[in-house]
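For reference, the structure is listed below as structure tokens.
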Amino acid sequence: MFLKILNYLDGYVTITLPEECLEKFVNMATTRGIYLWGITNAAGNQVALNARLRDVQPLRHVARMTRCRFHIINRSGLPFFIGKLRRRRALLGGALCFVIALYALSSFIWFIDITGNQSVTEDKIARVAREAGLYRGAPKRSLDTAELEKTIMQQVNDLAWVGVSVDGTRVLIKVVEKVLPPDNGEHPVDIVALKDGLIKEILVLSGHPLVREGDTVTSGQVLISALIPPPEIEEESKPNAAEGEAEKEQQLTLQYVHARGIVRARIWYDVYNEIKLEEQVTKPTGSEITKLCMKIGGKEIILMGPHQVPYVHYTEHRDVKRLPEWRNIKVPVEVITVKYTEQGTYTNKLSRSEARRLAETQALDELRSQMPSGAKILNTQVREVKTAGEEDIVRVRVQVETLEEIGMEKPHQQDGGGSGIVDPKHGNQADGNQNNH
């Protein structure tokens, strides 16, 4: 491998000479330290061999001494390539201009990627970066990554960390958003029912329960209220009026908390499904064809593929690639790849038992998609819906009973199911406390 590279850098020629002169020619050249290789048969009574460019002149003396004549049929290597370039100055100038243009374009930013954001939009981060000097076409030498990170952090309040890195003509902005701490209970929150059901278990950690085990609740009904009522007053004796009024004011003070608890209820799901015994279905046949076209403005030019789709029934998948914008200039050129997949029509026939199993499976899958991940199935009933006459349709109804958590937090509202306590002297005590909050 090293010898091939060395021969290419030095340059070499391929010569032909008569076959009867080969032995004397090679022996005399070898004794003079001339390296020959690649000896092969040529047209007629000739042989071809390779020699370095610097050995051509000594080989002429060898040819005269052996009374042989050789002819150069091919020239290879770097010296000959440079000689061709010297004669083709336009090509050399074009290559030089291309290298200069490529170097110049590589000194600008052409791609900007933003990763790590979820709630903060890319447009907001890109707008702040643009104001700080980062945009498509910006020179890389004017980009200060540390200053850009600081600017984005200061102007986008929802970010906890920003990292900017440059990779060639691409800038990658990595961000980490702030994670807000959980609600510490400063604002009143009720536990409401997520769906209809029959209360099976209730465990109150904080707040005032408004339902008990065995109660039927509807979606949105308050289960545990954030409003804790004052304790009931048992008047065993009648103190003086001033002390009694003060004690009553103290005990009628309402308290608002962040309601917490676990409420499990029995939930019923009901799904109906039907399957035909004979049905026309379509599925891919395995045949597909691809068309490649270029769209310039409103004109579409087909570069590869058919002009008309050869399938009667087919699906179409398009992949459109556009040139990136440069300084808000959109280049109206698109490369479109369209893949057509042939679809065949088939008749799917099922027996009644197969259709029933399929209908049950589909109904159960639909029910599972409606259930939360922690739901516990207590009972499942499957029955076939019969009709008066024979039909080519199998109908089933699936009913499932589950035990699941139905509590959901919701901000407390004055009319959202509180304790309903009213102080005859001060009016609605709950409203007054709520306004104070």
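Mind the numbering: the sequence shown is residues 1 to 437 in full-length UniProt numbering, read in order. We put the beta carbon where it would ideally sit given N, CA and C, even for glycine.
Counting C-beta pairs with one atom in each stretch, the region 92-105 and the region 139-158 have fewer than three that are closer than 8 angstroms, which means they do not touch. For the region 97-135, the continuous alpha helix (DSSP H) assignments of 4+ residues that do not extend past its boundaries occur at 122-131, in sequence order. F108 has its alpha-carbon roughly 5 angstroms from the corresponding atom of K140. Looking at the DSSP output, R397 shares a beta bridge with Y272 and R383. By the neighbour-count criterion, in which a residue is buried when 16 or more other Cβ atoms sit within 10 angstroms of its Cβ, L367 is buried. Cβ atoms of R356 and L277 stay farther apart than 8 angstroms, at about 10 angstroms. Taken atom to atom, the span from the alpha-carbon of R87 to that of V335 is near 39 angstroms. Note: S225 is bridge-paired with H208 in the DSSP secondary-structure output. Each of V312, G305 and I296 was checked against the Cα of K321, and the nearest Cα belongs to I296.
Rounded to the nearest whole angstrom, the CA to CA distance from E122 to D113 is 9 angstroms. In this structure, V400 and A359 do not form a Cβ contact; the two beta carbons are roughly 15 angstroms apart against a cut-off of 8 angstroms. Taken atom to atom, the span from the alpha-carbon of K376 to that of G389 is near 38 angstroms. Remark: C-beta atoms of Q343 and T282 approach each other more closely than 8 angstroms. Rounded to the nearest whole angstrom, the C-alpha separation of Q370 and P324 is 43 angstroms. V217 has G197 as its beta-bridge partners, per DSSP.
Leaving aside the five residues that flank W161 on each side, the residues in its chain whose CB is nearer than 6 angstroms to its CB run, in chain order, V176.
In this model, V211 and E316 are separated by some 56 angstroms (Cα to Cα).
Between L49 and L78, the alpha-carbon positions lie close to 19 angstroms from each other. By the criterion of a C-beta distance shorter than 8 angstroms, Q46 is surrounded in its chain by T16, L17, P18 and E19, once the five residues flanking it on both sides are discounted. Cβ contact annotation for Y272 (same chain, cutoff 6 angstroms, sequence separation greater than five): R397, in chain order. In the DSSP assignment, G407 forms a beta bridge with A193.
Under the three-state reduction of DSSP, V333 is assigned to strand. Just measuring C-alpha positions, the residue of I173, V120, F70 and G116 sitting nearest D144 is I173.
Counting along the chain, L367 sits inside no beta strand (DSSP E); it lies in the alpha helix (DSSP H) bounded by residues R352 to Q370. Within the region 136-176, the runs of beta strand (DSSP E) at least 3 residues long that lie entirely inside it are, in chain order, 159-167.
Residue state for L17 is assigned as strand, using DSSP reduced to three classes. With fewer than 16 other beta carbons inside 10 angstroms of its own, R67 counts as exposed. Residue pairing for T290: DSSP places it in a beta bridge opposite K339. Under DSSP, V320 shares a beta bridge with I336. Bounds of the alpha helix (DSSP H) holding A29 are L22 to T31. Inter-residue distance for I100 and A90 is about 15 angstroms (C-alpha atoms, whole angstroms).
The beta carbon of D55 sits closer than 6 angstroms to the beta carbons of I34 from its chain, once the five residues preceding and following it are set aside; these are given in chain order. Looking from the CA of I228, the closest CA among L105, P209, S219 and V222 belongs to P209. Closest in alpha carbon position to S206, among T216, M304, K200 and I224, is I224. C-alpha of K349 to C-alpha of E279: approximately 7 angstroms in a straight line. The beta carbon of T31 is closer than 7 angstroms to none in its chain, skipping five residues each way along the sequence.
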